[in-house]
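Mapped onto full-length UniProt numbering, the consecutive letters of the sequence shown carry residue numbers 1 to 305. What follows is one structure encoded as structure tokens, with my remarks underneath.
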Amino acid sequence: MVQAYSIGKPGAKWELPERQLWLEKQAVKRSYQEEVVSKVQKLAEDFEVLQYGALSYDKERYPLLALKTHGFGKTGKPTVLITGGVHGYETSGVQGALRFLESRAKDYAEDFDILVAPCVSPWGYETINRWNPNAVDPNRSFKKDTDSEEAAAIMKLVSSLESPVVMHLDLHETTDTDESEFRPALAARDGVEYVPDVVPDGFYTVGDTENPQDDFQAAIIDSVRKVTHIAPPDGKGLIIGEPISQEGVINYPLKSLGLCSSMTDAKFVSTTEVYPDSPKVTDAVCNEAQVAAVTGALDFVKKSL
């Protein structure tokens, strides 16, 4: 077995020393306060801002913030949830959620109570990282007795809602660094062999194997294709190792994997995946693709209800 990562020994899971060594190699590369918190504060006139926790790594630096439409929970309107930045390095997940609030959320406030948590993992945002400081992936941690405080905090917020969530979109990206850094690191951490895969060139969604909602996923794809290109399957007919159920859509068993999009038991759920490393896109296009995914989903749910 060949080790594809600089930390650990082939075939051996990481223990505390390896995790500590990994953490020592991480560095702050951008500012959560400047790029996220400041934008949330500017939105306070149009939405209610709530702090639902703070990361213990630095409570002053990493407040956990969400925004909701006025009268949320008291209007009788259907409740929808949008989360971003569960993987902090996936920039358009965060900035796309903020862009939706800035540009389109008020258009849907007549029909929905909207709750947006734009950056679930602010330490990951600053260090451009998939994991938290403990080398734990928050997006495999949405389970009872989770070992991710990022996941625990947003799950506690969701559990406090009085009305059931009918739609949940979790905004993500698939990047070239998934293959150059994060999957090799994962294999090393878990003591297994790294098997290379192909990064999809374009946008796709991940639905729920147990509740795929094919028409809902198709509505998201059709909305996003107006902004950016949809990922084709690879030479084996797969996207990230999974068979497509329709153009640009794969399905995962969300609950068994502990994915964020499983936490609400909403009827309509999807994980968006933007591809920011394509020469065909810009940062602005990636953010608008996330907005298009949200609006396409909301338009579908509005008609369905």
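Where a beta carbon is used, it is the ideal one built from N, C-alpha and C, also for glycine.
Three-state secondary structure assigned by DSSP to residue i
i           : result
Tyr52       : strand
Asp111      : coil
Val199      : coil
Ala289      : helix
residue 316 : Examination of residue 316 is not possible in this model, given that the chain is present from 1 through 305 alone.
Val116      : strand
Gln246      : strand
Ile220      : helix
Pro7        : Sequence check: residue 7 is Ile here, not Pro. Note: Ile7 maps to coil in three-state DSSP.
Leu238      : strand
Asp32       : With the sequence shown as reference, residue 32 is identified as Tyr, and Asp is not the correct amino acid for it. Note: Tyr32 maps to helix in three-state DSSP.
Phe100      : helix
Ser160      : coil
Ser180      : helix
Gln41       : helix
Leu21       : helix
Trp14       : coil
Phe300      : helix
Met155      : helix
residue 311 : The requested residue 311 does not occur in the structure, where the chain is confined to residues 1 to 305.
Asp265      : coil
Asn134      : coil
Thr282      : coil
Ala27       : coil
Thr175      : coil
Pro122      : helix
DSSP beta-bridge partners of residue i
i      : result
Gly207 : Asn251
Asp170 : Thr83, Thr271
Val165 : Thr79
Glu128 : Note on identity: in this sequence residue 128 is Ile, with Glu being the wrong assignment. In the DSSP output, where bridge partners are listed per residue, Ile128 has none listed.
Ile230 : Phe203
Close Cβ partners of residue i (< 6 Å) along its chain, the five nearest in sequence each way excluded
i      : result
Asp277 : Thr175, Asp176
Pro118 : Gly84, Val94, Ala97, Leu98
Tyr32  : Pro122, Tyr125, Glu126
Thr146 : Ala152
Leu171 : Gly84, Gly93, Gly96, Ala97, Thr272, Gln290
Pro233 : Ile239, Ile244
Whole-Å CB distance - residue i paired with residue j, under 8 Å assumed
i      : j      : result
Asp113 : Pro78  : 7 Å
Asp208 : Asn251 : 6 Å
Val274 : Cys260 : Actually they do not touch by this definition, with Cβ atoms about 16 Å apart.
Phe182 : Leu101 : About 28 Å separates the two Cβ atoms, so there is no contact after all.
Ile220 : Ala297 : 5 Å
Val206 : Glu288 : The pair is not a contact, with the Cβ atoms about 20 Å apart (cut-off 8 Å).
Ala188 : Gly8   : 4 Å
Pro253 : Glu210 : 7 Å
Glu179 : Pro196 : 6 Å
Val116 : Ile82  : 5 Å
Asp111 : Lys302 : 5 Å
Contacts around residue i, its chain only, beta-carbon distance under 7 Å, and the 5 residues preceding and following it disregarded
i      : result
Ala185 : Tyr5
Ser148 : Asn132, Val136, Pro138, Ser141
Asp107 : none
Ala218 : Gln246
Ala12  : Gly191
Ala231 : Pro200, Asp201, Gly202, Phe203, Tyr204, Ile239, Gly248, Tyr275
Met263 : Phe142, Met155, Val158
Tyr62  : Tyr32, Ala54, Leu55, Pro122, Trp123
Lys74  : none
Val198 : Asp234
Sequence-distant residues of the same chain with beta carbon closer than 8 Å to residue i, five excluded per side
i     : result
Val40 : Val49, Leu65, Leu67, Leu98, Pro118
His70 : Phe47, Glu48, Ala109
Residue i Cβ short of 7 Å to the ligand GDP heavy atom set
i     : result
Lys13 : You won't find the ligand GDP in this model; it holds no ligand whatsoever.
Residue i burial status per 10 Å Cβ neighbour count (16 or more: buried)
i           : result
Glu150      : buried
Val281      : buried
Asp58       : exposed
Arg30       : exposed
Ala105      : buried
residue 370 : The shown model of the chain, from 1 to 305, leaves out residue 370, and the question about it has no answer.
Gln20       : exposed
Gln51       : exposed
Val28       : exposed
Glu90       : buried
Leu169      : buried
Gly76       : exposed
Gly241      : exposed
Ala284      : exposed
Ser270      : buried
Ala44       : exposed
Glu38       : The identity of residue 38 in the sequence shown is Ser, whereas the question assumes Glu. With fewer than 16 other Cβ atoms within 10 Å, it is exposed.
Interface flag, residue i vs chain C, CB-CB below 8 Å
i      : result
Ala151 : Structure shown: chain C not included; a single protein chain is present.
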